[in-house]
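Heads up, the sequence shown is in the numbering used here, so the first residue is 1364 and it goes up one at a time.
Backbone N, C-alpha and C define an ideal beta-carbon position, used for all residues, glycine too.
Keep in mind the model is a prediction, meaning the values are calculated, not measured.
Remarks on the structure that follows.
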Amino acid sequence: MKIAVIGPGKVGATLGRRFVEAGHEVTFGAPRPEQEKYDALRDLGCAVYSAEEAVEEVEIVLLAVPWAVAADVVGKLGGLPGRLIIDATNPIGEDFLDVDHASQHSGGETIAELIPKAQVIKAFNTVGVETMANPVYGDQRAALAVAGGDQAAKETVFKLARDIGFDPYDAGPLAAARTTERLAWHWIEISTIYGDRSDFAFALLRR
Ligand SMILES: NC(=O)c1ccc[n+]([C@@H]2O[C@H](COP(=O)([O-])OP(=O)(O)OC[C@H]3O[C@@H](n4cnc5c(N)ncnc54)[C@H](OP(=O)(O)O)[C@@H]3O)[C@@H](O)[C@H]2O)c1
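Now the structure itself:
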């Protein structure tokens, strides 16, 4: 599949690399695409463009930018009609202080409202970058919550997630991003705020 990764930082570069390894065609969208720090992505055979250019002619857009700029970035992408948008962001500031725990609305829904003609699926926001790099823990795979309204779009995300080693599960409609963003917050608390290691993930046990 053709995927544009918007925001080639820790999340975007890690997932983009994994998608390339799984045989997908990836372009990256960055604020200053000419920067040397993206040479490693170019060495993978990927083009690095502006975000607006990167989304041309792709089927899937992975949004992996800081929440502070997410609305601005999405607003410049031309509405993305008919495209599948995977929202990996969390509505959290860099210092973890400006989180609105009382909000009854999710970041995923906010993004979807900005691009009503796109299919927005919330995914990859509940796992850390170490797990994105390798979701396999012994004989278990990291679980991946996938929330969204369009079943076909969700199935595509399940496939992409499985392609790179995750155990994806259906977390419900996009409104369930309210829950999965809280799950991400729980992960951040135990990895970073109350703990000091991030090489772990949640698994889903089934009988
Ligand atoms: N880190 C995690 O473990 C983790 C896990 C799950 C979800 N998330 C979420 O994923 C998102 C990205 O996190 P991260 O840790 O990858 O952050 P990061 O390392 O700071 O990367 C953010 C990326 O977004 C780019 N960017 C900034 N403004 C942009 C713009 N206007 N257009 C295009 N790209 C732009 C940055 O480019 P420059 O470097 O050039 O500014 C950078 O490549 C956040 O919403 C975060 O909450 C993070």
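Open item on the list: Quick check: is any heavy atom of ligand 1 less than 6 Å from the C-beta of Ala1427?
Closed with: One-based indexing of the sequence shown puts residue 1427 at position 64. Because some heavy atom of ligand 1 lies under 6 Å away, the Cβ of Ala1427 counts as near it: yes.
- If you follow the beta strand (DSSP E) that Asp1406 is part of, which residue opens it and which one closes it? As a position in the sequence shown, residue 1406 is number 43, starting the count at 1. Not the beta strand (DSSP E): Asp1406 falls in the alpha helix (DSSP H), residues 1402 to 1406.
Cβ shell of Asp1461 (< 6 Å), same chain only, five flanking positions each side left out: If you number the sequence shown from 1, residue 1461 lands on position 98. Same-chain partners within the cutoff: there are none.
Could you check if Pro1394 belongs to the surroundings of ligand 1, using beta carbon to heavy atom distance under 6 Å? Taking the first residue of the sequence shown as position 1, residue 1394 is located at position 31. Yes - ligand 1 has a heavy atom lying nearer than 6 Å to the Cβ of Pro1394.
**Study point:** Under the three-state DSSP convention, the category Phe1382 falls into
**Key:** Taking the first residue of the sequence shown as 1, we reach residue 1382 at position 19. The answer is helix: DSSP assigns Phe1382 an H, G or I state.
Self-check item: Length-filtered (3 minimum) beta strand (DSSP E) runs lying within the stretch 1443 to 1479
Solution: 1447 to 1450
- Task: Determine the contact status of Ala1515 and Ala1534, defining contact as a CB-CB distance below 7 Å.
- Result: Residue 1515 sits at position 152 when you count from the first residue of the sequence shown. Residue 1534 sits at position 171 when you count from the first residue of the sequence shown. No, these two residues do not count as a Cβ contact at 7 Å.
Which residues bound the alpha helix (DSSP H) around Ile1551?
As a first step, residue 1551 must be located in the sequence shown, where it is residue number 188. It spans 1540 to 1551 - the alpha helix (DSSP H) in which Ile1551 sits, taken as one unbroken run.
Point to revise | CA nearest to the CA of Glu1416, picked from Ala1431, Pro1429, Val1437, Glu1399 | key: Indexing the sequence shown from 1 puts residue 1416 at position 53. The candidate whose alpha carbon is nearest that of Glu1416 is Val1437.
Considering only C-alpha positions, which residue in the set Pro1396, Arg1381, Val1432 is nearest to Val1389?
Residue mapping note: residue 1389 aligns to position 26 of the sequence shown, counting from 1. Measuring from the Cα of Val1389, the nearest candidate turns out to be Arg1381.
With respect to 6 Å, is the separation between the Cβ of Pro1574 and the closest non-hydrogen atom of ligand 1 below this value? Lying outside 1364 to 1570, the shown extent of the chain, residue 1574 is not represented and no answer is given.
task = Over the uninterrupted alpha helix (DSSP H) stretch that includes Thr1494, give me the two end residues.
result = Translated into the one-based positions of the sequence shown, residue 1494 becomes position 131. Segment 1492 to 1496, the alpha helix (DSSP H) holding Thr1494.
When Pro1498, Gly1456, Gly1442 are compared against Trp1548, the one with the closest alpha-carbon:
By 1-based counting over the sequence shown, the position of residue 1548 is 185. The shortest Cα separation from Trp1548 among Pro1498, Gly1456, Gly1442 belongs to Gly1456.
Quiz prompt | Cα-Cα separation, Pro1531 to Ala1506 | solution = Translated into positions along the sequence shown, residue 1531 becomes position 168. Translated into positions along the sequence shown, residue 1506 becomes position 143. When rounded, the distance between both Cα atoms is 6 Å.
Those residues which DSSP pairs with Pro1531 across a bridge: As a first step, residue 1531 is located in the sequence shown; it is residue number 168 there, counting from the start. For Pro1531, which the question treats as bridged, DSSP gives the partners Leu1507.
Quiz prompt | Three-state secondary structure assigned by DSSP to Ala1417 | solution = On the sequence shown, residue 1417 is found 54 positions in, with the first residue counted as 1. The answer is helix: DSSP assigns Ala1417 an H, G or I state.
Exercise. Is the beta carbon of Thr1452 within less than 6 Å of some heavy atom of ligand 3?
Worked result: The ligand content of the structure shown is limited to ligand 1, which means ligand 3 is not among them.
- Starting from Ala1410 and walking both ways along the beta strand (DSSP E), at which residues does that stretch end? For the purposes of this step, residue 1410 is taken as residue 47 along the sequence shown, with counting starting at 1. Taken as a continuous stretch (DSSP letters only), the beta strand (DSSP E) holding Ala1410 covers 1410 to 1412.
| request: Could you give the DSSP three-state label for Ala1367: helix, strand or coil? | output: As a first step, residue 1367 is located in the sequence shown; it is residue number 4 there, counting from the start. In the structure shown, Ala1367 sits in a strand (DSSP, three-state: E or B).
In the DSSP assignment, what residue or residues form a beta bridge with Val1389? Within the sequence shown, the letter at position 26 stands for residue 1389. Ile1366, per the DSSP bridge assignment.
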